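Heads up, the sequence shown is in my numbering, so the first residue is 37 and it goes up one at a time.
The C-beta atom is built at its ideal place from N, Cα and C for all residues, glycine as well.
On a predicted model such as this, the values are computed, not experimentally measured, just so you know.
Some notes on the structure that comes next.
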Amino acid sequence: LVSSIRGKGDPGYKVTSKFLAECALCLVQNADELPGGKNYGGVLTSATGLGMPLVERLMRVGIEFDDPKEI
């Protein structure tokens, strides 16, 4: 599957800082909604560890996601 993510602003500063802040806030404010619950851990990517709660937070701050397409 292939998907695109877009945000307005400089990708190295504005968009990256949104991702970082929303990941941190998601861990604190959405712990009970995370895949596997708040006691799930290990070395995980942000997509695996934070799942849809992160996607929803990012969409609220202007990050756009394309629907996945098969290649």
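Separation of Leu90 and Cys62 (C-alpha to C-alpha, rounded to the nearest whole angstrom) is 6 Å.
Taking the Cα positions, Phe101 is about 17 Å away from Ser53.
If the five residues before and after Pro104 are omitted, its C-beta is found closer than 6 Å to the C-beta atoms of Leu37 and Ser39, all from its own chain and listed in chain order. No residue range can be given for Ala67, since it is assigned to no alpha helix (DSSP H) and is classified by DSSP as neither H nor E. If you ignore the 5 residues before and after Val51, its C-beta comes within less than 6 Å of the C-beta of Gly43 and Gly45, all in its own chain and listed in chain order.
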